[in-house]
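Novice:
Numbering (our numbering), first residue to last: 1434 to 1820.
(1) Using the Cα positions of residue 1824 and residue 1704, report the straight-line distance between them to the nearest angstrom.
(2) Opposite residue 1780 in the DSSP bridges: which residues?
(3) Are residue 1673 and residue 1581 closer than 9 Å when you measure CB to CB?
(4) Tell me whether the region 1518-1537 and the region 1593-1604 touch, counting them as touching only if at least three CB pairs, one residue from each stretch, are closer than 8 Å.
(5) Hey, would you say residue 1718 sits closer than 9 Å to residue 1637, going by beta carbons?
(6) Which residues in the same chain have their Cβ closer than 6 Å to the Cβ of residue 1784, if we skip the five residues on either side of it in sequence?
(7) Excluding the 5 residues preceding and the 5 following residue 1567 in the sequence, name in chain order all residues of the same chain whose CB lies nearer than 8 Å to its CB.
(8) Along the chain, which unbroken stretches of the alpha helix (DSSP H) at least 4 residues long are found entirely within the region 1473-1523?
(9) Measuring CA to CA, which of 1749, 1801, 1445 and 1793 is closest to residue 1781?
(10) Is it buried or exposed, residue 1779, if we count other Cβ atoms within 10 angstroms and call 16 or more buried?
(11) State the DSSP-derived secondary structure class of residue 1600, mapped to helix, strand or coil.
(12) Give the range of the beta strand (DSSP E) segment to which residue 1633 is assigned.
(13) What residues are listed by DSSP as bridge partners for residue 1674?
(14) Give a yes or no on whether the minimum CB-CB distance between residue 1708 and chain B is below 9 Å.
(15) Could you tell me the distance, in whole angstroms, from the CA atom of residue 1699 to the CA atom of residue 1604?
(16) Once you ignore the five residues that flank residue 1587 on each side, which residues in its own chain have a CB closer than 6 Å to its CB?
(17) Pull the bridge partners of residue 1735 from the DSSP assignment, please.
(18) Quick check on this structure: which residue in 1529, 1511, 1712 and 1801 has the alpha carbon closest to the alpha carbon of residue 1543?
(19) Please list, in chain order, all residues of the same chain as residue 1535 whose beta carbon is under 8 Å from its beta carbon, the five residues on each side excluded.
(20) Given a cut-off of 9 Å, decide if residue 1628 and residue 1680 are closer than it, judged by their beta-carbon atoms.
(21) Let's test the definition: count the other Cβ atoms within 10 Å of the Cβ of residue 1715 and tell me whether it reaches 16, buried, or not, exposed.
(22) Where does residue 1818 fall in DSSP's three states?
(23) Report buried or exposed for residue 1616, applying the criterion of at least 16 other Cβ atoms within 10 angstroms of its Cβ.
(24) Using CA coordinates, which residue listed in 1758, 1734, 1652 and 1562 is at the minimum distance from residue 1721?
(25) For residue 1664, name the three-state secondary structure that DSSP assigns.
(26) Which residue wins for smallest C-alpha separation from residue 1559, given the options 1819, 1818 and 1803?
(27) Thinking just about the alpha-carbon of each residue, which of 1770, 1614 and 1654 is nearest to the one in residue 1791?
(28) Does the region 1632-1648 touch the region 1732-1742, meaning 3 or more C-beta pairs lie closer than 8 Å?
(29) With a cut-off of 8 Å on the beta carbons, I'd call residue 1761 and residue 1618 a contact; round off their distance for me.
(30) On the DSSP bridge assignment, give the partners of residue 1648 in chain order.
(31) Alpha carbon to alpha carbon, how far is residue 1451 from residue 1752?
(32) For residue 1775, does the three-state DSSP call read helix, strand or coil?
(33) Measuring alpha carbon to alpha carbon, tell me which of 1678, 1561 and 1511 ends up nearest residue 1453.
(34) Taking all protein chains shown into account, decide if residue 1528 is buried (16 or more other Cβ within 10 angstroms of its Cβ) or exposed.
(35) So, is residue 1585 buried or exposed, given that buried needs 16 or more other C-beta atoms within 10 angstroms?
(36) Please report the residue range of the alpha helix (DSSP H) in which residue 1587 lies.
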């Protein structure tokens, strides 16, 4: 059977499809959320991956391709459609939650569980979008590639090459992260992220008998923290947060070691590189202190572009067709969209609606499941027609 495309997208037909299959969709969400998948536990992550593979086999008669990893869960790539050109959907199945920390539960209007918002429910949304295309034999002149990784929460260190390779041969990328909490806005810009660890090494001494012979690493750390804080520039969207301070232990000993950990967010590459240079050029206030610096830039900023604006405008029109409004937003958090946006037009926040990312009340809102799934499907199909 086929679906005739109407002006402005695939209309309400895809929404009707999801509504008719909502119970099955929610069953799939439950199954995936209950499969714990902490980023650093390969055994559990691969068990969750197997749940996804089971869905691919059930709905399409074949599994996704697997990229075998040594220390994290295997990454997945599933392709539907034909043609030389493609669009890219990006998601991740790893979570920040250790097994049993929070449990799956349902209320009349919400579903709670580890990683349900970030972003297992959105993976089900993507799979059911592909199922809609498959079941209704939607004519595709381009391929749709769904890339699912297992290490997004820890920086996508092993999956980044695959993300960038697929982005290079794609016409557009759609990130399945949830929309902005509270507003439902889609994301056309994200700050870049960097992390640094400063290790100060001084000299121990007895704090009572001969303190003058010691060199306090904590004192040096305190002075460095003040300099670090001075680099924050809210007008330019640059923030530095000292989130870790360690050192000393015994009150009667001049501390010979201290550690300072810093999270950096920057809205532009220029600012990100400025901060990186700042850390590379740090010098001790006390020449007797040795400072070692680890870390650096992780994700570059996802900056709003004319092409990403065009993707949003299509999504905006599709939302209107479905009976609700969406706006665009710039956010401080990072995603794999930070990588793809360096290469291809990227629209982020096309996942399901909820609250509590990385918090114990993480949940999705049942009332918006169908409409947000329809928004993803209609937006991607419309973009494929227009590109």
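Glycine residues also receive a C-beta, built at the ideal position from the N, C-alpha and C atoms.
Specialist: Short version:
(1) Lying before the first or after the last residue shown, residue 1824 is absent from the chain, which here runs from 1434 to 1820.
(2) 1607
(3) no
(4) Proximity of the region 1518-1537 to the region 1593-1604 meets the contact definition, three or more beta-carbon pairs being nearer than 8 Å.
(5) no
(6) 1552, 1555, 1609, 1610 and 1611
(7) 1492, 1493 and 1513
(8) Whole alpha helix (DSSP H) segments, 4+ residues: 1475-1493.
(9) 1749
(10) Buried, because 16 or more other Cβ atoms sit within 10 Å of the Cβ of residue 1779.
(11) helix
(12) Taken as a continuous stretch (DSSP letters only), the beta strand (DSSP E) holding residue 1633 covers 1625-1634.
(13) 1696
(14) No chain B is present in this structure, which holds just one protein chain.
(15) 26 Å
(16) 1472
(17) Within the DSSP bridge table, the entry for residue 1735 names 1623 as partners.
(18) 1801
(19) 1545, 1546, 1547, 1793 and 1795
(20) Annotated as distal: residue 1680 and residue 1628, with beta-carbon spacing of 9 Å or more.
(21) exposed
(22) helix
(23) exposed
(24) Checked all of 1758, 1734, 1652 and 1562; the closest Cα to residue 1721 is 1652.
(25) coil
(26) 1803
(27) 1614
(28) These segments do not touch.
(29) Right, the Cβ-Cβ distance comes to about 6 Å (below 8 Å), so this counts as a contact.
(30) 1636
(31) 16 Å
(32) coil
(33) 1561
(34) buried
(35) buried
(36) No alpha helix (DSSP H) contains residue 1587, which DSSP labels as neither H nor E.
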